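A.B. asks: Here it is, the structure in full.
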Ligand SMILES: Nc1ncnc2c1ncn2[C@@H]1O[C@H](COP(=O)(O)OP(=O)(O)OP(=O)(O)O)[C@@H](O)[C@H]1O
Ligand SMILES: [Mg+2]
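Chains as they are written, first to last, in our numbering: chain A, 1 to 310; chain B, 311 to 593; chain C, 594 to 931.
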């Protein structure tokens, strides 16, 4: 082995160090998921069923409506178009659900979990930037989850015959990635907070499933919630803090055309929503960095970086 | 028998403590209700949106869906409550080896752990239904002479659910930490094929065949028949009388109990053989 | 030239556990029953020179791990200062982290689904070690530590000792300048422990400015390996010197070893005049008790013997001996071992 190395601190070195850290931390997620073959079945295929249920609801509503409008071909055409758009909304929501669940269970609760299995202290002792650690988890999580997201999308198109019309693929990609980064940024922020809340964190994640599916409009255009008189807009505005809300609204506009649902169910136009998403992404990342730094100091002061293994 | 009862009691106590003591009791109650009610609201909004964009309002289909979904809360919690025992004891608390080597029936232990989930679920179902009737115009008419049948069907339905949960537990002896895939996926299977939210007739014929092979389908049907007899949405199971359905439920719950024992023992056997009883699989 | 490690009046107080209404099943296992604040380190001042192999000896709960955690930038001091490689641990952790690594006995780091090699590689990435360099070092270390045939085994399949070897490799793979080892040979068999001890010693001796701070409960290990040793108890440093000098410190005292029939009533020894300290271990298989006395002079020997024989016990051997590190330890912190 070489004699004691001279330690560098220049920018190039730091970038290299943190990139390596990102790769290092994402590695277990990417290979780990593939290494356990049951994973594909449990994490990518089984959840499709839940989404299928929502698809069938609209199919069944649509079929009853269609039958009731017998004889009126224009009305029937409208019903068919609406039903397709609603089902497409569900499928898009299903892809986003995959990421949201990953954010909740593999980002937000992850640092707490790492602490319990004794890895956190080793991470906190290493020279890499803490954001690189969270970044690695996020990248790994995204890769791991995109399999499920893609299978949802494919099933939507092949099995349920959903028709997407993409006119502007570049904006679509921009919106998708902005939403994704904002989502994982939010997850990073939660990660530090969860470290503080400990065991209650698990329940918090559980609590952010259905209520958020609801308030962010994962399975229906969220504009519908805005139009419920009274409490609807309040819930929807609260739900908008989860980037999935604007992300889904923009994605639906971009894939169904802004005239779908008579153009009555969108919140803003796509551009505005994209700006909001970018803003959220930056904001959450910054907040994540500061809350992590704060939490790290707090934990170091109180001796809470390690729990089970002294 | 005595050991079984003791194991059951201790496990039930433990399950209740684990579920509830992370917070104040009132917060726990809110928490237990918020999730299922929010789940119901997703459906409400799906329906609202559907009607809003110019389609025909369809209160019967809505009631059908709402009642089915309310009872589905049992499915989610009982299944999750059973198979999650193995996963959380193994990966999270890492106590599985100590419980497992103690001279009790692990099978009974798991059933016991799930009991508190059943209780909490019953509470959530009641709240959800009451909410639907009070504010959303859901139609429920339970007649007095239907009550015994309703009680019997509830008992059988829960027994089937527990048995299915244990089957999953047996499988999760052998698999990595997939709590989420399982928690969403298996209930999803029943959500789709058991006529919970929409009539079976909307499924392709192979889907209907699957549905008819799962006892829960009959459970949902009889529950809905007894609670909301006036809907008249589904015709797939119309040919069966109430008593036929009850008989089917009895037979299938016995069959599933046997199956759960078999799968559980098999899973346990192979897990011991492969040294997987106390593995941890984080990544 | 700055010290590799230096602490000045370093104090660490853990706030008492808040009594939580919440009783988790897990929490009961942790069992910290004290509720008031604990002074884990009390005005500790030590200096470890560059290139030194420095040992820490102390009974359970003495504060060794706490000290290492502070030096490894995982814990902040309550008061006082600590410097590693010339940098303040509280103010300037980054350059420290580049230069250090830590291995604790019995730790369970890593991800069960990765292989031993992948796990170590992953941790090396957090130190920016290029993958090729890292893999080369891992292979070399795996050969050295006898883990080569387990290189591709999943971590969850490794035995306790194999895991510990993997952890050691994780510590060396980043080529740190200062390595903190908290009971590194915990759970290892005699052979593996020897290999690791030799490797550590050689690692420090054969390279310029490699420093190791090691804690252990094995006296012989400390005696044989360390350049200097600090004895710590209740958060205080009682002595800090080379093993030879430490032993010389109690040279004025006399050490006697006795082997007698198993004897229960030992309390009376501590009140005897001239007995500085003593320890006892029972040898159950032979039904005997080994006693070690640190005496101011040979005066009390007769009294000790008569006390034993008056209980009807036989004395099988009595021997005056050169002090070992263990005797130093007993003489200083013996009360913890009663
Ligand atoms: N996070 C913590 N919170 C509260 N008290 C702590 C914490 N960590 C350590 N202590 C207390 O500080 C004291 C010193 O502990 P430390 O772990 O440093 O001892 P040690 O010398 O490493 O002991 P051992 O030989 O058993 O490893 C003990 O009384 C311990 O209970
Ligand atoms: Mg220690």
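Even for Gly, the Cβ is constructed at its ideal location relative to N, Cα and C.
Note that the structure is predicted; figures quoted are calculated from it, not measured.
Does the pairing of the region 689-696 of chain C with the region 729-736 of chain C give three or more beta-carbon distances under 8 Å?
C.D. replies: Contact fails: fewer than three Cβ-Cβ distances are below 8 Å.
A.B. asks: Please list the terminal residues of the continuous alpha helix (DSSP H) segment that includes residue 758 of chain C.
C.D. replies: Taken as a continuous stretch (DSSP letters only), the alpha helix (DSSP H) holding residue 758 of chain C covers 753-766.
A.B. asks: What residues of chain E sit near residue 716 of chain C, judged by a beta carbon separation below 7 Å?
C.D. replies: Structure shown: chain E not included; protein chains present are A, B and C.
A.B. asks: State the Cα-Cα distance for the pair residue 730 of chain C and residue 655 of chain C, rounded to the nearest angstrom.
C.D. replies: Distance between the alpha carbons of residue 730 of chain C and residue 655 of chain C: 35 Å.
A.B. asks: Any idea which residues DSSP pairs residue 883 of chain C with across the strands?
C.D. replies: BP columns for residue 883 of chain C point to C:852, C:874.
A.B. asks: Under 8 Å between C-beta atoms, does residue 203 of chain A make it to chain C?
C.D. replies: False, the Cβ-Cβ gap to chain C never drops below 8 Å.
A.B. asks: What does residue 597 of chain B reach in chain A if we use C-beta pairs closer than 8 Å?
C.D. replies: This structure cannot settle anything about residue 597 of chain B, because the visible part of chain B is limited to 311 through 593.
A.B. asks: Using CA atoms only, rank isn't needed, just tell me which of B:467, B:326, B:406 is closest to residue 566 of chain B.
C.D. replies: Closest option to residue 566 of chain B, Cα to Cα, is B:467.
A.B. asks: Determine the contact status of residue 45 of chain A and residue 151 of chain A, defining contact as a CB-CB distance below 8 Å.
C.D. replies: Yes, the Cβ-Cβ distance between residue 45 of chain A and residue 151 of chain A is below 8 Å.
A.B. asks: With a threshold of 6 Å on Cβ separation, who are the neighbours of residue 272 of chain A within its own chain once the five nearest residues in sequence on each side are excluded?
C.D. replies: Excluding positions up to five away in sequence, the list is empty.
A.B. asks: Starting from residue 635 of chain C, trace the beta strand (DSSP E) in both directions and tell me its first and last residue.
C.D. replies: Residue 635 of chain C -> beta strand (DSSP E) spans 631-637.
A.B. asks: Using a Cβ-Cβ cutoff of less than 8 Å, which residues in the same chain neighbour residue 921 of chain C once the five nearest sequence positions on both sides are dropped?
C.D. replies: For residue 921 of chain C, where only same-chain residues beyond five positions count, the Cβ hits under 8 Å are 824, 832, 839, 840, 842, 843.
A.B. asks: Would the beta-carbon of residue 658 of chain C be found less than 7 Å away from any heavy atom of ligand 2?
C.D. replies: Yes, the Cβ of residue 658 of chain C comes within 7 Å of a heavy atom of ligand 2.
A.B. asks: Return the first residue and the last residue of the beta strand (DSSP E) that residue 833 of chain C is part of.
C.D. replies: Where residue 833 of chain C is concerned, the enclosing beta strand (DSSP E) stretches over 829-834.
A.B. asks: Note down, in chain order, each residue of its chain lying with its Cβ closer than 6 Å to the Cβ of residue 216 of chain A, except the 5 sequence neighbours on either side.
C.D. replies: Taken in chain order, the residues that qualify are 239, 242, 244, 245.
A.B. asks: What is the DSSP secondary structure of residue 8 of chain A, reduced to helix, strand or coil?
C.D. replies: Correct three-state label for residue 8 of chain A: coil.
A.B. asks: Could you tell me whether the Cβ of residue 141 of chain A comes closer than 8 Å to any Cβ of chain C?
C.D. replies: Chain C contact via Cβ: absent.
A.B. asks: Quick check on residue 588 of chain B: does DSSP put it in helix, strand or coil?
C.D. replies: Three-state result, residue 588 of chain B: coil.
A.B. asks: To the nearest angstrom, report how far apart residue 400 of chain B and residue 180 of chain A are at their CA atoms.
C.D. replies: Between residue 400 of chain B and residue 180 of chain A, the C-alpha separation is close to 32 Å.
A.B. asks: Please tell me whether, using a cut-off of 7 Å, the distance from the CB of residue 775 of chain C to the nearest non-hydrogen atom of ligand 2 is below it.
C.D. replies: Yes, ligand 2 has a heavy atom inside 7 Å of this Cβ.
A.B. asks: Give me the chain C residues within the contact set of residue 125 of chain A, using Cβ-Cβ distance strictly less than 8 Å, ordered along the chain.
C.D. replies: Under the 8 Å cutoff, chain C gives 665, 666, 667, 690, 693, 694, 695.
A.B. asks: Just list the residues that DSSP pairs residue 911 of chain C with in beta bridges.
C.D. replies: Its beta-bridge partners are C:851.
A.B. asks: Going by the DSSP bridge assignment, what does residue 672 of chain C pair with across the sheet?
C.D. replies: DSSP lists C:604 as partners of residue 672 of chain C.
A.B. asks: Does chain A have any CB closer than 8 Å to the CB of residue 334 of chain B?
C.D. replies: So, not an interface residue.
A.B. asks: Hey, is residue 75 of chain A's beta-carbon within less than 8 Å of any beta-carbon in chain C?
C.D. replies: Closer than 8 Å: no.
A.B. asks: What runs of the alpha helix (DSSP H), each 4 residues or longer, lie entirely inside the region 360-399 of chain B?
C.D. replies: Fully enclosed alpha helix (DSSP H) runs of 4 or longer: 369-397.
A.B. asks: Can you look up residue 619 of chain C in the DSSP assignment and give me helix, strand or coil?
C.D. replies: Because residue 619 of chain C sits at a pLDDT of 40, beneath the cut-off of 50, its placement in the model cannot be relied upon, and the point is left open.
A.B. asks: Taking Cβ-Cβ distances shorter than 9 Å, what residues in chain A pair up with residue 441 of chain B?
C.D. replies: Ordered by position in chain A, no residue passes the 9 Å Cβ test against residue 441 of chain B, which lies about 13 Å from the chain.
A.B. asks: Any idea what DSSP makes of residue 801 of chain C, helix, strand or coil?
C.D. replies: If DSSP states are grouped into helix, strand and coil, residue 801 of chain C belongs with coil.
A.B. asks: Using a Cβ distance threshold of 8 Å, determine whether the region 92-99 of chain A contacts the region 211-228 of chain A, with at least three qualifying pairs required.
C.D. replies: Short answer: they touch.
A.B. asks: Three Cβ pairs or more, each shorter than 8 Å: is that satisfied between the region 107-123 of chain A and the region 182-195 of chain A?
C.D. replies: Yes, since at least three Cβ pairs between the region 107-123 of chain A and the region 182-195 of chain A fall closer than 8 Å, the two stretches touch.
A.B. asks: Under 8 Å, CB to CB, which of the residues in the region 54-81 of chain A have a partner in chain B?
C.D. replies: Cβ contacts with chain B: 54, 56, 57, 58, 59, 60, 61, 62, 63, 64, 65, 68, 69, 78, 79.
A.B. asks: Helix, strand or coil: which one does DSSP assign to residue 823 of chain C?
C.D. replies: Strand, per DSSP.
A.B. asks: Exposed or buried, what is residue 875 of chain C when buried is set at 16 or more other beta-carbons lying within 10 Å of its beta-carbon?
C.D. replies: With fewer than 16 other Cβ atoms within 10 Å, it is exposed.
A.B. asks: Relative to chain C, which residues along the region 23-34 of chain A have a C-beta separation below 8 Å, given in chain order?
C.D. replies: Going along the region 23-34 of chain A in chain order, one finds 23, 24, 25, 27, 28, 31, 32 with a Cβ nearer than 8 Å to chain C.
A.B. asks: What residue range is occupied by the uninterrupted beta strand (DSSP E) comprising residue 648 of chain C?
C.D. replies: Where residue 648 of chain C is concerned, the enclosing beta strand (DSSP E) stretches over 646-650.
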